[in-house]
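Under the UniProt record's numbering, the residues of the sequence shown are numbered 1 to 70, in order.
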Amino acid sequence: MSASQPPQPPPSPELPDSPRTGGEPARDSDDSPSLVDNTPTLLVKIFGKDRPGITAGLFDTLAAYSVDVV
């Protein structure tokens, strides 16, 4: 098996300019905090015997897609 390049991430969708500035939280018309967050969240669980390179491989793949890890 030859060395291969990491997968190329898909193009990022164009997002409209945010009307908010200055780090103010989004507010509904009744001035309560917005519960809507359009950022997708993914929980990754890895099971099995740990081997060298498993975590590094996962993070290398995520980095190719500019994923924020929390």
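Quick reminder that beta carbons are idealized off the backbone N, C-alpha and C, glycines included.
Local conformation of residue i per DSSP, three classes
i: Leu58; result: helix
Contact set for residue i: own chain, Cβ-Cβ below 8 Å, skip 5 residues either direction
i: Ile54; result: Ile46
i: Val44; result: Leu58
i: Asn38; result: none
Under 8 Å between C-beta atoms of residue i and residue j
i: Val69; j: Leu62; result: yes
i: Ala64; j: Pro7; result: yes
Beta-carbon proximity list for residue i, same chain, < 6 Å, skipping 5 on both sides
i: Asp50; result: none
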